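Structure, as structure tokens:
Residue numbers (my numbering), protein chains in the order written: chain S, 1 to 407; chain X, 408 to 814; chain Z, 815 to 1221; chain E, 1222 to 1628.
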């Protein structure tokens, strides 16, 4: 491999892979079973906490966090193959305390939080004792343009009053989810990108109301879920603001870079697993007297899937490496590129696998349909493809015209 | 329009459209509400029977059935625009007693059934009093090659014993579903395509066991559902066989032609509605200071969607017209073509609409995600794309080599 | 077939097909040979005039022209299959005096020309004695927006002075080409779409200078060619204006509708021939021990090609039929749609055939590479895809919002 | 950048870029002019030898050759960015003596040639005094399966007799081209991949007859050209065999790896230039009142082009790096992948640029149409996409089934 991983990363890759094989994959069905047998869809299967304890003990914990005091202290490049491995199973990221949106929230607190905020929220998050959600997008406005946001964070004496309706607050269905980072307009008269703030809102604060859990292509994604939440005159102390008034976009910029690339890394893992499943299937399944693998277009699917995965992986690694060496700002074109590439790649690889599995592919018998639905949301979450493409083109067109070329 | 519809069809189109606008669309949310409030997911919302009564009264009933004694007496071409209109709403086909798999089953009974079978099953089906399912595909074998089928129908005295495991028996979750048409091997020593039979199995016969309802991308499709059913030494009288032993494939051929094209017609309606929804959205939703309709790639999406829908519709109409004038057998290439085209077209149109709706698109707030999941199954149901493409190519390659061409 | 052709059209289809087989296909290589052996690339191979004489005698002449006094008197729908057949060979359209740009020019003269203009130019064109070109697009401006046009047609006493630089004046390389229809700005102060006129300019008028012949992917398209022409203070009598000052866009609208659809019909013929060639090839060519037809993805290519051709054909026929029954104006969305569909369809079908032919496919041994290059120009000529897509979307978005839909 | 280039490579990149800007780009039009004014299409424009002299002097010579005694001594990874830069101009590779097929031929001689062969052919090739061609594919058989080859190399006393018809012997039109490496069957009774040999045939040997120059789309690619050559009982001394009898496939394997990746590197340069041209154009060209860059789908094209180029580049670099570190054999999947990716990527990027240029795009006014035609041949040359995809799938399917996955 041409990207050089540190010895530490290589060692962790190996450990993680073993852990997946010994502990995570065999428990996927246990998890589903326990979820099904729970009192309702919103209780946590016991197996998840058992696996978390094991992972922590094995040192496979908080690997996402670059800062070495709290977390894994790995570079983005070193973390990439680990995050990819976790992405192979939808229950894995939580096992290693590396699941969205907690990872993004922890990074925000680690970077911009006060000591008090760290003590109150970051610590239990890092320990895997509580979970958190992120309330940014709103149902009434196009969130592709974040300046559309209508929620408000209004100072009132020692407090802020938070008002607004947010949706896609993923993870809020989890009974362990205790806090939301809410973004809203605090300074309506400031320049466009200094009008918004982020604030910590405990989910048990009066006025916080989970209206409903949003399904994704029929999946409730229990026990985490995607909540639509009304913040109705919710009062929180002024100390709950993160970094300061008007810093919302600045934090969002910082938060979204790593968040986006983590999604991409996991999508590569998911696509890799889908390809593996497809290969297994077509070698075994027989139609018209020979294995599917020997028929028609199946080998094209395998080849194209490998090609697409490999290219997406390389672009992700490049973006990760640039974030490490040149910073998230310089890497913004690469981050935008991979944010377009990874979900579309995963969707096409998974879709081929679904097709190879026939009816089983769209059902719950294989993880494919769920993986597809999840990947589909990532063409929208953290900015739709269109917005990222536009950002790439803008950067391209800001290059000086080269004189050596005709035209 | 260049395809000429009869006056009767034109008149029905108008009536149907009004009925949809006055009765069906406004009741879509009522249906969902009643389903949600039912004792479980598997009770029938009252509104559906109310609408059925109205539709019957309005003469919008059984329009799918070509034979005029029982049904609409319309040609496939005349039925096409009606079926398309019904396809705009997932609850509509049942309202007009034109829903799969009942339509296919009724056609089978009408064409191949004995008088006794017609009296017992066809009559209540035509009256909308009961529903039915179709047990063909099996989880253990590749159903793209139907000769793989392992279920058996074994004569034993005055009875047949039915054994096997079938899945995707759609509609079996419906409490009104009373009978299955089951396909299985009855004559293992006959030539390859004369080994199988179809037989009527009452769902309350001893040995019939619904193992589970299969989800489609997270949707349970309640209250109809897709059942996996075990037929465990189920005994039925010999009179339950349809047409005769060994006629399974012959019936399947006849059944699948119209069934496939009906799916395609409905998919065009679904795509048309998705495009309409997308157009509504992009005119109203504002980002970066102007409606989405005035930005980037949105107009390409609308144009491409219109182009794809229109081409799929024309091909469907051509296939329908050929079935009417030259017969289903001659039309088999066209049927295979449209079976490939329509689901893929619908998926791409609906996917663009989802993208235009952002987070709402993947949720339950709009019918798009559900429509997408349903359309996705139709790249598999009634034969995967690959099998149809192969059939088309085979027919193409059986043309004589033309001497006028070099090469 | 669901589109009903008149008996006359059916009879002509049969005659035309025989003529192609007996006369045109066998002479394709003769034509190439004679062109190669000519004194230069710009002399007309004798075989073309021989074939023209035969076609005229056989009544296969001027079939494109709807008006029955001068031409075939066929509807667009009736002409469509004839034009498609001609499109199978690049030398065929001229043989039947149905080649662009003469057809469009003749239609303009027939509809808008004075008796004098008809006598002088239309008559010899209809007789196939002279040829003509059309000078519209200009190298210096984006011609996708025709109002960019900079050429001028300035009244001066009894004359107009024509000034400007035009390119893609196809056919101007032909020694028989005697006249150009030139479009330019005559009334700069009029409303935007009434500023331009069309005027007849004899190619031997002083000041007309063919600067060069433009290659298309290396092809000179001799002996017709695509000329870049300078009109340098060219004086023509006032009687040479067509219809009247300021009528340029009105004429262009009328001219382009049929012209566009004729291109599409021919492209379908070209694609059909490419598919035929591909089928011939893959049945005969052996690799890895079996014919290409039995390998990998080849059958998918054939099936997809058939599907794409058939859909494009149906859309063309629908557009033709609408032009006949509702008029070119009402049919403008359908014309725009087919103008996008046909070239892209042809390019993909031909490209697959090229791939199946290997090195031969890109060479002159088969007509494929030339067909591809020609089809590629038609994603640009008469408006680039983008402009047509935009027109379609605009028409779609001008529909009233339907109240029956949520969103 | 995450791939680490040596200081030497970085230094050469800079020098090469300056040389391109100062010497190559400005001489592109001079080259065309001199070619046009030559006595025929097959004389070498003087400017090319002038540039070669300069390049040699500047140390920008034979950079492709890994071995440091003769050539640049660069790794594949270090050479990649240099080769990409050369790929930006179709006349550049020859300027630096890095043009196909000489590079492949020189590598063959360097690796497998005798001292005598090196003295006679390799030396003048390395000095840029002569050129060479490669006679492998044949018109009569599918060359995608090289074992189809029908040419023979038959021992006869001290000589071999070479018989066969080869085509796509690129470069044979060049008056400086003195020798062909010919592949043919020498040992018909040996195992399948040991039946063929490669042999050096001087082009002036009796019996060597250039039948014609094959056009690519309409391009003759003069003064190099693609020759169809008959080898009619050509006698060469036994010492002309390369490596030994039966080594043909072994050499081909070695030859094709680097040759393929060099093509890919150059294609990336070509695509990069096409994107640059497109960006220049859309910033300047105005339609409907604003630059093309601000309209419709143009920014999507730019973003997608950037994404596709970047992914292809990374995959090329990975393949290059694997060749350097693990060897060409281990890298065969990556080489196959990039061989599929690079031409298709280049075609799509260049095609978008053509579309943005309108009529100019398909003409000779910009290098785009020529670049496209050349890139199109590379979906066929050195193995068609289909064969490479099949090879990738075969490698994928030879992986052991992973037990951790269901399915």
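In this text, a Cβ means the ideal position worked out from N, Cα and C, and glycines have one as well. Predicted model only: the values in this text are computed from it and were never measured.
Would you please verify whether the beta carbon of residue i is less than 7 angstroms from any beta carbon of chain S?
i: residue 622(X); result: yes
i: residue 793(X); result: yes
i: residue 1448(E); result: no
With 7 angstroms set as the bound, which would you pick, yes or no: does the beta-carbon of residue i sit closer than that to a beta-carbon of chain X?
i: residue 906(Z); result: no
i: residue 288(S); result: yes
i: residue 1074(Z); result: no
i: residue 219(S); result: yes
i: residue 1383(E); result: no
On the three-state DSSP scale, how would you describe residue i?
i: residue 1063(Z); result: helix
i: residue 946(Z); result: strand
i: residue 274(S); result: helix
i: residue 786(X); result: coil
i: residue 730(X); result: helix
i: residue 255(S); result: helix
i: residue 1524(E); result: helix
i: residue 1575(E); result: helix
i: residue 472(X); result: coil
i: residue 1405(E); result: strand
From this set, the options, which residue's C-alpha is nearest residue i's C-alpha?
i: residue 138(S); options: 177(S), 185(S) and 118(S); result: 185(S)
i: residue 548(X); options: 347(S), 303(S) and 286(S); result: 286(S)
i: residue 649(X); options: 411(X), 517(X), 618(X) and 464(X); result: 517(X)
i: residue 587(X); options: 422(X), 771(X), 708(X) and 507(X); result: 507(X)
i: residue 1442(E); options: 1274(E), 1610(E) and 1390(E); result: 1390(E)
i: residue 1520(E); options: 233(S), 398(S), 365(S) and 83(S); result: 398(S)
Does the beta carbon of residue i come closer than 7 angstroms to any beta carbon on chain Z?
i: residue 507(X); result: no
i: residue 414(X); result: no
i: residue 1233(E); result: no
i: residue 722(X); result: yes
Round the Cβ separation of residue i and residue j to the nearest angstrom and send it over; I've been treating them as touching at under 8 angstroms.
i: residue 28(S); j: residue 91(S); result: 6 angstroms
i: residue 376(S); j: residue 347(S); result: 6 angstroms
i: residue 262(S); j: residue 64(S); result: 7 angstroms
i: residue 589(X); j: residue 638(X); result: 6 angstroms
i: residue 709(X); j: residue 685(X); result: 7 angstroms
i: residue 1182(Z); j: residue 1167(Z); result: 5 angstroms
Using a Cβ-Cβ cut-off of 7 angstroms, state whether residue i counts as contacting chain E.
i: residue 748(X); result: no
i: residue 856(Z); result: no
i: residue 405(S); result: Model confidence at residue 405(S) stands at a pLDDT of 48, short of 50, so the residue's coordinates are unreliable; what they give is reported in the following sentence. Closer than 7 angstroms: yes.
i: residue 816(X); result: Given a span of 408 to 814 for chain X in the structure shown, any question on residue 816(X) remains unanswerable.
i: residue 958(Z); result: yes
Minimum length 3: unbroken beta strand (DSSP E) runs contained in the segment 142–181 of chain S:
Complete beta strand (DSSP E) runs here, min 3: 152–156 and 159–170.
Inset, instruction - Output the residue ranges of the alpha helix (DSSP H) runs that lie fully inside the segment 12–61 of chain S and measure 4 residues or longer, sorted by chain position. - result: 25–37 and 46–57
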